[in-house]
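Participant: Chains as they are written, first to last, in the numbering used here: chain F, 1 to 228; chain A, 1 to 373; chain L, 1 to 84. Note that beta-carbon positions come from the ideal geometry of N, C-alpha and C, so glycine has one too.
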Amino acid sequence: MVATRLCWLEKFDRMHYIKSHIRITNGTFFKDGKKVNSYSDNSEDFAQVIRAFYKEMDISYPAFYKMDNLSKLGFCAAELLLKDISWQETMNENELGVILANSSSCLDTDEAYFATICNKEAYFPSPAVFVYTLPNIVIGEICIRHKIKGENMFFIQPEFDPEFMVSYIDNLLNSCTLKGCIGGWVEFYRDNYDAFMYFASRENAKGDYPVHNLENIKKLYTTHGAIN
Amino acid sequence: MKVMRNVYISATNVLTALGNNPEAVMSAMLTGECGIHLCEDPAPFWASRIDMSSLPVDLSEEYTRFERLIINSVSLAARNSAVDLASDSTLFLFSTTKGNIDELPQGRRLKLHESGAFLARYFGNSQWPVVVSNACISGTAAILTGKRLIQSGQYKNVVVTGADLVSSFVLSGFQSFKALSEGPCKPFDSERTGLSLGEGAGTIILSAENASSAYADWIIAGGGISNDANHISGPSRTGEGLQLAIEAAIADAGTKGFTREMIGYISAHGTATLYNDEMEAKAINAVRLQDVPLSSYKGYWGHTLGAAGLVETAMALESVSAGKLLPSLNYSSHGVSLPLHVLIEETATSSRCFLKTSSGFGGCNAALLVGKI
Amino acid sequence: MEQLIEDLKGQIIKALKLEDVKPEDINTDAPLFGEGLGLDSIDALELIVLMEKEYGIRVENASAAKSIFTSVRTMADYIAKNKK
Numbered sequence: 001m002v003a004t005r006l007c008w009l010e011k012f013d014r015m016h017y018i019k020s021h022i023r024i025t026n027g028t029f030f031k032d033g034k035k036v037n038s039y040s041d042n043s044e045d046f047a048q049v050i051r052a053f054y055k056e057m058d059i060s061y062p063a064f065y066k067m068d069n070l071s072k073l074g075f076c077a078a079e080l081l082l083k084d085i086s087w088q089e090t091m092n093e094n095e096l097g098v099i100l101a102n103s104s105s106c107l108d109t110d111e112a113y114f115a116t117i118c119n120k121e122a123y124f125p126s127p128a129v130f131v132y133t134l135p136n137i138v139i140g141e142i143c144i145r146h147k148i149k150g151e152n153m154f155f156i157q158p159e160f161d162p163e164f165m166v167s168y169i170d171n172l173l174n175s176c177t178l179k180g181c182i183g184g185w186v187e188f189y190r191d192n193y194d195a196f197m198y199f200a201s202r203e204n205a206k207g208d209y210p211v212h213n214l215e216n217i218k219k220l221y222t223t224h225g226a227i228n
Numbered sequence: 001m002k003v004m005r006n007v008y009i010s011a012t013n014v015l016t017a018l019g020n021n022p023e024a025v026m027s028a029m030l031t032g033e034c035g036i037h038l039c040e041d042p043a044p045f046w047a048s049r050i051d052m053s054s055l056p057v058d059l060s061e062e063y064t065r066f067e068r069l070i071i072n073s074v075s076l077a078a079r080n081s082a083v084d085l086a087s088d089s090t091l092f093l094f095s096t097t098k099g100n101i102d103e104l105p106q107g108r109r110l111k112l113h114e115s116g117a118f119l120a121r122y123f124g125n126s127q128w129p130v131v132v133s134n135a136c137i138s139g140t141a142a143i144l145t146g147k148r149l150i151q152s153g154q155y156k157n158v159v160v161t162g163a164d165l166v167s168s169f170v171l172s173g174f175q176s177f178k179a180l181s182e183g184p185c186k187p188f189d190s191e192r193t194g195l196s197l198g199e200g201a202g203t204i205i206l207s208a209e210n211a212s213s214a215y216a217d218w219i220i221a222g223g224g225i226s227n228d229a230n231h232i233s234g235p236s237r238t239g240e241g242l243q244l245a246i247e248a249a250i251a252d253a254g255t256k257g258f259t260r261e262m263i264g265y266i267s268a269h270g271t272a273t274l275y276n277d278e279m280e281a282k283a284i285n286a287v288r289l290q291d292v293p294l295s296s297y298k299g300y301w302g303h304t305l306g307a308a309g310l311v312e313t314a315m316a317l318e319s320v321s322a323g324k325l326l327p328s329l330n331y332s333s334h335g336v337s338l339p340l341h342v343l344i345e346e347t348a349t350s351s352r353c354f355l356k357t358s359s360g361f362g363g364c365n366a367a368l369l370v371g372k373i
Numbered sequence: 001m002e003q004l005i006e007d008l009k010g011q012i013i014k015a016l017k018l019e020d021v022k023p024e025d026i027n028t029d030a031p032l033f034g035e036g037l038g039l040d041s042i043d044a045l046e047l048i049v050l051m052e053k054e055y056g057i058r059v060e061n062a063s064a065a066k067s068i069f070t071s072v073r074t075m076a077d078y079i080a081k082n083k084k
C-alpha cells in the first residue's frame with residue numbers, strides 16, 4: 001500500500017518547546033542526550049534491565065512489580081523524564097496530558113493472559129494479568145504515579161510517527177486547556193523494547209529548550225538524544 | 001484563540017443485536033426489546049451477539065469477524081454519505097480495545113494497525129489510518145480525535161469506526177473480575193450486579209462539509225478527556241476525573257455557542273457495575289446536570305467496549321434528532337446515592353444538544369457535546 | 001498448620017508479585033488489606049484464583065472473600081477446613 005500524508009494547511013499560533021526527553025533502548029537509558037544508565041551485559045533480558053533500573057531509581061513503589069512489561073517500561077520512562085523538571089510549578093494536574101503510541105498494543109500481555117485460559121485442564125484466568133490487556137493502562141500507571149489528570153490517548157501505529165505525534169500535541173497545546181504534554185513511543189513485544197518519551201511545553205523559561213517540531217523530534221528519536 | 005471550523009456529522013451506522021442501522025435499532029428500543037440473552041461458552045453467560053448472517057456485505061473467509069463488522073458498518077454508513085472514502089482528504093480512524101483477539105494464538109492481523117491498514121485498503125483509501133485503543137472510552141475519544149484532525153486542517157473527512165467482539169478472552173477476564181451481571185445488566189438500578197458484554201460496531205462519518213441527509217447542521221460541538229490518576233481498574237470514588245472531562249467538553253462547546261443549559265439529554269456510560277454508576281452520578285451532580293434526562297443504552301445490548309462510544313453517540317443522535325428520548329432499560333429503582341433524572345419511558349424532546357459520557361480502565365474519562373447549530 | 005502458613009505466605013508473595021517482601025516479613029495475624037501489604041481489589045481477586053489453583057477451593061463471591069482473606073491465619077484456617 002502506498003502511504004501518502006497530506007501536509008496540513010493551517011499554521012499554528014505559537015511555538016512549543018521540548019523541556020526534556022528520554023530514550024530507553026538496548027539496555028541503555030538516556031536523558032536529555034546523556035547516558036544515565038547502561039545494562040549492556042543483559043540488554044536483551046528486559047526483566048533484568050528494568051528491575052535493575054527500578055532499583056537504582058530508589059523510589060519504593062511496590063505496585064511496579066505488579067505491572068506488565070509494557071507498563072514497567074512506560075513507568076520507568078516517565079520516571080526518568082519527569083525527574084527534576086518540576087512541571088507542577090508551571091501547570092495544574094489537569095493541564096498536563098499524555099499521548100503515547102506503539103505498534104504491538106499490549107499483545108505481549110495478551111499472550112501472557114491467553115496462557116492462563118488456553119489449557120482447559122489448567123484454566124485459571126488471572127485478573128492481575130487481564131487488567132493489563134489494554135495498552136492505555138501504561139498511561140494509567142504514569143498518571144497515578146505523577147498525579148496527571150489531563151487529556152490522554154493511546155494510538156497504535158506501525159512505527160513511531162513523529163509527524164503525527166508533533167502535530168497532534170501541537171494541536172492540543174494550541175486548542176485546549178493543556179499547558180504541557182508528554183508524548184512518545186512505548187513499545188514492548190517478547191523482549192524487544194523501545195521507549196522514547198518527551199515533555200512538550202508551552203513555556204520556555206530557560207530560553208534554551210529546543211523547539212517542538214518535526215525535525216527536532218525526529219532527530220531526538222533517531223540519535224538517542226543528541227541534538228544541535 | 002482562532003475560530004475552529006465546524007465538524008459536521010455526515011452519516012452514521014450501528015450494528016447491535018437489535019439491528020443493523022440506527023432506525024431499526026431505535027424501533028426495537030421503543031418496544032423495550034432487550035438484546036442480551038443467555039449464551040453458552042460452554043458455561044452459560046449473559047451477553048448480546050450479532051447475527052453475522054444478517055449483515056448485508058458478503059465477505060470471503062479472508063476477513064476476520066472483527067473486520068466483517070467494521071466493513072459492514074462503514075459500508076452501511078457510507079450509503080448515506082457523500083464522502084468519498086477513497087479520497088486522500090478522508091482518513092480512517094479505528095477504535096477498538098481488542099481487535100482480532102479471537103485469532104490468538106497465531107492468527108491473522110493480531111496487531112491492530114495491521115487490521116486497520118487492511119480495512120482502509122478494502123475501501124480504497126491509501127492514507128495511513130489512525131488506530132485508537134484506549135479502553136472503554138475509545139469510541140468517544142476517537143470521535144474527539146477525528147474532530148481535532150478535521151479542525152487542524154489535515155483532513156476534510158474522517159470515518160470514525162469501531163468494533164469489539166464478545167470473545168472468550170474478554171469474557172473470561174471479566175468473569176475473573178466477578179464483574180458480570182447475572183441476567184441483563186441494570187444501569188443505575190439498586191439491584192444491579194455488574195455489566196453484560198455486547199458485540200457491536202459503530203461508525204460516525206465526520207466532515208468539514210455540512211452535507212448530511214439525516215443530520216444536517218449537527219456538529220461535534222466539544223469534547224474533553226481526562227484521567228482519574230487513582231486506580232487502573234476501579235473508577236475514582238469522587239467522580240472528579242469524569243467531572244473534569246465534562247467541564248472541558250462544555251468549555252470547548254462554548255466556542256460553538258453551546259452552553260450547559262442547552263444540554264437536553266445525557267447518554268451515560270452506565271455499565272451497571274456498582275462503582276461506575278455511583279461515580280458517574282457523582283460527576284453528573286458535580287457539573288449540576290442531575291436534572292437532565294439521562295439513560296444508559298447498555299441495558300439494551302450490553303457493553304460494546306471499543307464500539308460503545310460510537311454506538312451510543314450514534315443512537316443518542318438518532319433519538320434526539322427524532323425528538324424522542326429513549327428510556328434506560330432494566331431500571332426500576334434508583335440505585336445510586338445522588339439524584340439523576342433516569343428516564344423510564346419514551347420522552348419527547350425539542351432539545352438540540354446532548355452529552356455523551358464514557359469512562360474506562362486506566363482511569364480515563366471522555367465526554368462529548370453534540371449539538372445542532 | 002505451621003507448614004501450611006509458611007507455604008501460604010510464599011504462594012501469596014508469588015501470586016501477588018510482592019517481590020520485595022519475604023515470608024518472614026508477613027505477620028500471620030495482621031490484616032492483609034488496608035495497611036501493611038497495601039493489597040487492593042485486584043489482589044483480592046487473584047487470591048481467589050490462588051485458592052482454586054493451589055487448594056481446589058472455590059470462593060464464589062466478594063462477601064465470602066472478605067472474611068476469608070482477613071489475614072494469613074484466616075486463610076489457612078479456611079483452607080484446612082475446605083481443602084479438596
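According to DSSP, is F:C143 helix, strand or coil?
Facilitator: Here F:C143 sits in helix by DSSP.
Participant: So, under 8 Å CB-CB, F:V166 and F:H224 are touching, yes? Tell me the CB distance rounded to an integer number of Å.
Facilitator: Their Cβ separation, rounded to whole angstroms, is 19 Å, which puts F:V166 and F:H224 out of contact at 8 Å.
Participant: What does L:L16 touch in chain A if you count any residue whose Cβ is under 7 Å from its own?
Facilitator: Correct list: empty, because the minimum Cβ distance to chain A is about 15 Å.
Participant: What are the partner residues of F:I24, as DSSP defines its beta bridges?
Facilitator: Answer is F:F29 and F:A195, bridged to F:I24.
Participant: Assign A:Q106 to one of two classes, buried (16 or more other C-beta atoms within 10 Å of its C-beta) or exposed (fewer than that).
Facilitator: Exposed, since its Cβ has fewer than 16 Cβ neighbours within 10 Å.
Participant: Runs of 4 residues minimum, wholly inside the segment 115-194 of chain A: which ones carry the alpha helix (DSSP H) assignment?
Facilitator: Taking only runs of at least 4 residues, the alpha helix (DSSP H) segments lying wholly in the segment 115-194 of chain A are 138-151 and 168-176.
Participant: Could you tell me which whole alpha helix (DSSP H) segments of length 4 or greater appear in the segment 186-259 of chain A?
Facilitator: You should have 240-254.
Participant: Which residues of the segment 100-111 of chain A have a Cβ closer than 8 Å to any Cβ of chain F? Give them in chain order.
Facilitator: For the segment 100-111 of chain A, which is checked against every Cβ of chain F, the residues closer than 8 Å are I101, L104, P105, L110 and K111.
Participant: For A:N20, which residues of its own chain have a beta-carbon under 7 Å away from its beta-carbon, when the five flanking residues on both sides are left out?
Facilitator: Taken in chain order, the residues that qualify are S54, L55 and L76.
Participant: With a cut-off of 8 Å, do at least 3 Cβ pairs link the segment 191-202 of chain F to the segment 20-27 of chain F?
Facilitator: Enough Cβ pairs lie closer than 8 Å, so yes.
Participant: Just to check my reading of the structure: A:I375 and A:V83 have Cβ atoms closer than 8 Å, yes? What is that Cβ distance to the nearest angstrom?
Facilitator: Because chain A spans 1 through 373 in this model, residue 375 of chain A falls outside it and cannot be assessed.
Participant: For F:D66, return the contacting residues in chain L, with the cut-off set at a CB-CB distance below 7 Å.
Facilitator: Sequence check: residue 66 of chain F is Lys here, not Asp. Under the 7 Å cutoff, chain L gives K17.
Participant: Secondary structure at A:L110, three-state DSSP: helix, strand or coil?
Facilitator: Coil, per DSSP.
Participant: Let me know if L:S87 comes out buried or exposed under the rule of 16 or more other beta-carbons within 10 Å of its beta-carbon.
Facilitator: This structure cannot settle anything about residue 87 of chain L, because the visible part of chain L is limited to 1 through 84.
Participant: Only counting the same chain, and skipping five residues up and downstream in sequence, which positions put a Cβ closer than 7 Å to that of A:M1?
Facilitator: Because the pLDDT of A:M1 is 48, which lies under 50, any placement of that residue in the model is unreliable, and the number read from its coordinates should be weighed accordingly. Once the five neighbours on either side are set aside, A:M1 has no close Cβ partner at all.
Participant: Would you say A:N134 lies against chain F (beta-carbon separation less than 8 Å)?
Facilitator: Yes, A:N134 counts as interfacial toward chain F.
Participant: Less than 8 Å between the beta carbons of F:G180 and F:A205, yes or no?
Facilitator: Their beta carbons are not under 8 Å apart, which means F:G180 does not touch F:A205 by this criterion.
Participant: What residues in the segment 155-182 of chain A have a beta carbon less than 9 Å from any beta carbon of chain L?
Facilitator: From the segment 155-182 of chain A, only S176, F177 and K178 have a Cβ closer than 9 Å to chain L.
Participant: Who are the neighbours of A:I225 on chain F, taking C-beta pairs under 9 Å?
Facilitator: Here the neighbours are G97, G150, E151, N152 and M153.
Participant: Could you check where the beta strand (DSSP E) with A:A307 kicks off and where it finishes?
Facilitator: Segment: none, A:A307 is in no beta strand (DSSP E) and carries neither H nor E.
Participant: Where DSSP assigns a beta bridge to A:T347, which residues make up the other side?
Facilitator: In the DSSP output, where bridge partners are listed per residue, A:T347 has A:L325.
Participant: Anything in the segment 116-134 of chain A with a Cβ closer than 7 Å to a Cβ of chain F? List those residues in chain order, please.
Facilitator: Here the close residues are A117, R121, S126, Q127, W128, V130, V131, V132, S133 and N134.
Participant: What separation, rounded to the nearest whole angstrom, lies between the Cα atoms of A:E114 and A:R121?
Facilitator: Approximately 11 Å, taken between the alpha carbons.
Participant: Output, in sequence order along the chain, the residues in the segment 21-42 of chain A whose CB is closer than 9 Å to any CB in chain F.
Facilitator: So the list is empty, because no residue satisfies the distance condition.
Participant: When burial is assigned at 16 or more other CB atoms within 10 Å of the CB, is F:Q157 buried or exposed?
Facilitator: By the neighbour-count rule (16 or more Cβ atoms within 10 Å), F:Q157 is buried.
Participant: Please list the partners that F:A128 has in chain L, where partner means a Cβ-to-Cβ separation under 9 Å.
Facilitator: By Cβ distance, chain L contributes A15, L16, K17, I42, D43, L45, E46 and V49.
Participant: Quick check on L:A62 - is its C-beta less than 8 Å from some C-beta in chain A?
Facilitator: Output row for L:A62: interface = yes.
Participant: Using a Cβ-Cβ distance cut-off of 8 Å, determine whether A:G239 contacts chain L.
Facilitator: No - not a single Cβ of chain L is within 8 Å of the one on A:G239.
Participant: With a threshold of 16 other CB atoms inside 10 Å of the CB of L:A80, please say whether the residue is buried or exposed.
Facilitator: Exposed, since its Cβ has fewer than 16 Cβ neighbours within 10 Å.
Participant: With a threshold of 16 other CB atoms inside 10 Å of the CB of L:D20, please say whether the residue is buried or exposed.
Facilitator: Classification for L:D20: exposed.
Participant: How would you call F:M1, buried or exposed, if buried means at least 16 neighbouring beta carbons within 10 angstroms?
Facilitator: Bear in mind that a pLDDT of 33 at F:M1, under 50, signals an unreliable position, so the model cannot answer this.
Participant: Just the C-alpha distance for A:N13 and A:R49, rounded to the nearest angstrom, thanks.
Facilitator: Those two C-alpha atoms are separated by around 17 Å.
Participant: Between L:K53 and chain F, is there a C-beta pair that is closer than 8 Å?
Facilitator: L:K53 counts as touching chain F.
Participant: Shortest alpha-carbon distance to F:E95 belongs to which of F:Y17, F:Y61, F:E151 and F:H16?
Facilitator: The shortest Cα separation from F:E95 among F:Y17, F:Y61, F:E151 and F:H16 belongs to F:E151.
Participant: Roughly how many angstroms separate the alpha carbons of L:I12 and L:L50, rounded to a whole number?
Facilitator: Cα to Cα, L:I12 sits roughly 8 Å from L:L50.
Participant: Short check: CB of A:R85 to CB of A:L149, under 8 Å?
Facilitator: Note on residue identity: the sequence assigns Leu, not Arg, to residue 85 of chain A. Cβ distance not < 8 Å, so A:L85 and A:L149 don't count as in contact.
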